[in-house]
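Asks: In the working numbering, the protein residues as written are 141 to 565.
Structure provided below as structure tokens; questions to follow.
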Amino acid sequence: MSPVQSYRQLFALTGPVYVLVAFVARLPLAMSQIAALLAVSGATGSYAAGGMTAGALAVANAVGSPVAGALTDRVGQRPVLVTQSVLGTLGLLALAVLTLGAGPGEPWWPLPVVAALAGVFLPQVGTMARVRWRPISATGRRGAEPRLMDAAFSYEGAADEASFVLGPAVVGVIVAIAAPVTSLVVAALLLGAFGTWFALHPTVTLVGRDTGSRAGRGRLVTPALLVLAGVQLSIGMIFGSIQTGTSVLATQAGAPGLTGLLHALLGVGSVLAGLAVVALPEHVGHVRRLRIFTSALVVLALPLLLVGSLTALAVALLALGVAIAPSMITTFTLAERNTPVRRLGGAMTTLAATTGTGYALGAALAGRFADLGGHRPAFAVTIAATLLATTLAWTGAGAVRRALGAARQPEAKDQEAPSPVAATS
């Protein structure tokens with residue numbers, strides 16, 4: 141199948157409504173961190189308060205997501221996602237209310253606490269959507285499932301990248317025309333509406349609860365998953381360090397407001413490359429792809445050490461984005477292929493959590509180095525992260541291959557046969 145045929149057949153299995161709902165439902169997560177930063181900083185007059193609040197939300201989400209993912213494996217997605225959507229909505233609204241009551245010079249310690257509580261319950265919709273595609277694709281044409289799964293993970297990788305470009309952009313528009321705290325309210329309303337809709341969509345019935353024994357579920361933490369999580373940690377560090385380095389260079393150029401736009405260019409190249417991954421021939425295995433794409437990260441990141449203008453930085457970020465989404469798509473695809481069905485939720489959310497953790501680590505390290513020497517030392521953290529990713533991809537290839545060879549054990553035989561999802565649902 142051509143890429144267009146692959147995507148057309150994939151989306152025909154669910155209908156366009158599901159695709160739209162699953163995309164919009166992931167925007168609140170992409171909006172919430174920067175919305176908290178801008179709202180709290182504006183209300184309190186303290187960047188420290190804003191940064192602490194946004195950081196608390198991000199760290200809490202990184203910690204809570206794997207727990208929620210493991211719960212979806214045990215009891216099913218619907219009850220977990222409904223609970224997360226409702227409590228996450230209430231948490232963001234509570235943060236908005238507290239922010240409205242905050243002021244310069246007043247104690248702001250409750251804001252990070254409430255942000256952390258909200259962050260714990262923000263659902264990782266993109267990872268949950270990935271888990272659904274395996275049973276959804278099984279309802280399609282016989283023999284087409286592997287190709288459809290490649291299309292599904294290519295799309296999900298591109299959709300995640302697009303959401304983290306669009307989410308901050310939406311916050312920027314809201315802040316430009318209304319009070320910053322409005323962006324928190326909008327994120328909460330989107331989560332309440334579309335997060336709940338995603339939780340209740342008929343496709344959720346294809347991901348059943350675990351009724352088997354502990355032995356039938358298989359192991360979650362394996363050498364292969366640790367390798368893939370390490371790669372995702374490195375990619376998160378790339379995101380965090382690039383955002384910091386971009387901010388420093390834009391500020392030095394007298395245009396700090398361009399930071400978000402420049403960082404979005406990384407996502408533009410990433411989205412386009414992610415959608416094109418499905419066109420790769422099947423004989424190019426995923427372990428080989430991971431080594432190629434992470435090696436490309438190193439090569440495409442090196443020009444960051446030479447940039448001295450915003451124009452040069454824009455070109456470098458567009459180029460680097462070409463390797464980011466393919467690398468992420470491949471790690472998630474490999475995790476899906478070597479993880480037992482009853483552990484998929486935990487595996488997917490673990491990778492998402494390590495990406496978020498890497499983002500925080502990369503931003504912190506780049507910020508420390510930027511204080512010492514400007515944007516180039518910050519971008520040196522980016523280079524180090526790409527080297528870590530490719531080192532793990534090459535040295536961990538054996539563990540991943542062994543996991544792939546041992547995957548798809550007969551434990552899947554006692555699963556209930558899924559019912560097809562109507563294209564009009």
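For glycine and all other residues, C-beta sits at the position ideal for the given N, C-alpha and C.
Quantities reported herein were computed from a predicted structural model and do not represent experimental measurements.
Inspect the beta-carbon positions of T239 and V325 and report whether they are closer than 7 angstroms.
Replies: Against a cut-off of 7 angstroms, the Cβ pair of V325 and T239 comes out as no contact.
Asks: In whole angstroms, what separates the C-alpha of I382 from that of I469?
Replies: Taking the straight line from one Cα to the other gives about 20 angstroms.
Asks: At the level of alpha carbons, what is the spacing between A454 and V180?
Replies: Each residue's Cα considered, the two are about 29 angstroms apart.
Asks: If we ignore side chains and look at the alpha-carbon of each, how far apart do Q149 and R287 end up?
Replies: Taking the straight line joining both Cα atoms gives about 10 angstroms.
Asks: Return the CA-CA distance between V427 and L306, expressed in angstroms with no decimal places.
Replies: One C-alpha to the other measures close to 31 angstroms.
Asks: Check this for me: beta carbons of L211 and V203, under 7 angstroms apart or not?
Replies: No, the pair does not count as a contact, with Cβ atoms beyond the cut-off.
Asks: Take the Cβ of S146 as the centre, count every other Cβ of all protein chains shown within 10 Å, and call the residue buried at 16 or more, exposed below.
Replies: Per the 10 Å Cβ criterion, buried.
Asks: Keeping to the same chain, check which residues put their C-beta closer than 8 angstroms to that of V254; ignore five residues upstream and five downstream.
Replies: These residues qualify, in order along the chain: G231, A234, L235 and L238.
Asks: Any idea if Q264 is buried or exposed, counting beta-carbon neighbours within 10 angstroms, 16 or more meaning buried?
Replies: Counting Cβ neighbours within 10 Å, Q264 comes out buried, since at least 16 surround it.
Asks: My understanding is that L440 touches A413, with C-beta atoms under 8 angstroms, so please give their C-beta distance in whole angstroms.
Replies: No, L440 and A413 are not in contact; Cβ-Cβ is about 11 angstroms, not under 8 angstroms.
Asks: Taking just the CA atoms, how far does A339 sit from L484?
Replies: Rounded to whole angstroms, L484 to A339 spans 17 angstroms at the Cα level.
Asks: Exposed or buried, H423, counting other C-beta atoms within 10 Å across all chains shown (16 or more means buried)?
Replies: Per the 10 Å Cβ criterion, exposed.
Asks: Give the secondary structure of G407 by DSSP, where H, G and I count as helix, E and B as strand, and everything else as coil.
Replies: G407: helix per DSSP, three-state reduction.
Asks: Assuming A302 contacts W273 under a Cβ cut-off of 8 angstroms, what Cβ separation, rounded to an integer in Å, is found between them?
Replies: The pair is not a contact, with the Cβ atoms about 17 angstroms apart (cut-off 8 angstroms).
Asks: From S467 to G407, what distance separates their C-alpha atoms?
Replies: Each residue's Cα considered, the two are about 13 angstroms apart.
Asks: Give the C-beta separation of A533 and L415 to the nearest angstrom, bearing in mind that I take them to be a contact with Cβ-Cβ under 8 angstroms.
Replies: Incorrect: roughly 22 angstroms between the Cβ atoms, too far for contact.
Asks: Mapping the DSSP letters down to three states, classify G448 as helix, strand or coil.
Replies: If DSSP states are grouped into helix, strand and coil, G448 belongs with coil.
Asks: Just verifying my parser: in three-state terms, what is the DSSP assignment at H423?
Replies: Note: H423 maps to coil in three-state DSSP.
Asks: So, with DSSP's three-state summary, where would you put G394?
Replies: Residue state, collapsed to three classes: coil.
Asks: Using a Cβ-Cβ cut-off of 6 angstroms (strictly less than) and excluding sequence neighbours within five positions of Q549, which residues of its own chain qualify?
Replies: Model confidence at Q549 stands at a pLDDT of 49, short of 50, so the residue's coordinates are unreliable; what they give is reported in the following sentence. Here the set comprises nothing.
Asks: When you compare only the Cα positions, how much space is there between R359 and P480?
Replies: Cα to Cα, the separation comes out at about 8 angstroms.
Asks: Tell me which residues share the same chain as H515 and place their Cβ nearer than 6 angstroms to its Cβ, disregarding the 5 neighbours each side in the sequence.
Replies: Answer for H515: G385, V388 and L389, listed in chain order.
Asks: Alpha carbon to alpha carbon, how far is G356 from A152?
Replies: The predicted position of G356 is uncertain, since its pLDDT is 49 and thus under 50; no value can be drawn from it.
Asks: If you count every other CB in all the chains shown that lies within 10 Å of the CB of Q392, and 16 or more means buried, which is it?
Replies: Exposed, by the Cβ-count rule.
Asks: Using the Cα positions of V308 and L330, report the straight-line distance between them to the nearest angstrom.
Replies: It should be pointed out that residue 308 corresponds to Pro in this sequence rather than to Val. Roughly 14 angstroms separates the two Cα atoms.
Asks: Have a look at V438 and Q372 and give me their C-alpha separation to the nearest angstrom.
Replies: Each residue's Cα considered, the two are about 15 angstroms apart.
Asks: G259 and A200 look like a contact to me (Cβ under 8 angstroms); what is the Cβ gap, rounded to whole Å?
Replies: That belief holds up - the Cβ atoms of G259 and A200 are roughly 4 angstroms apart, short of 8 angstroms.
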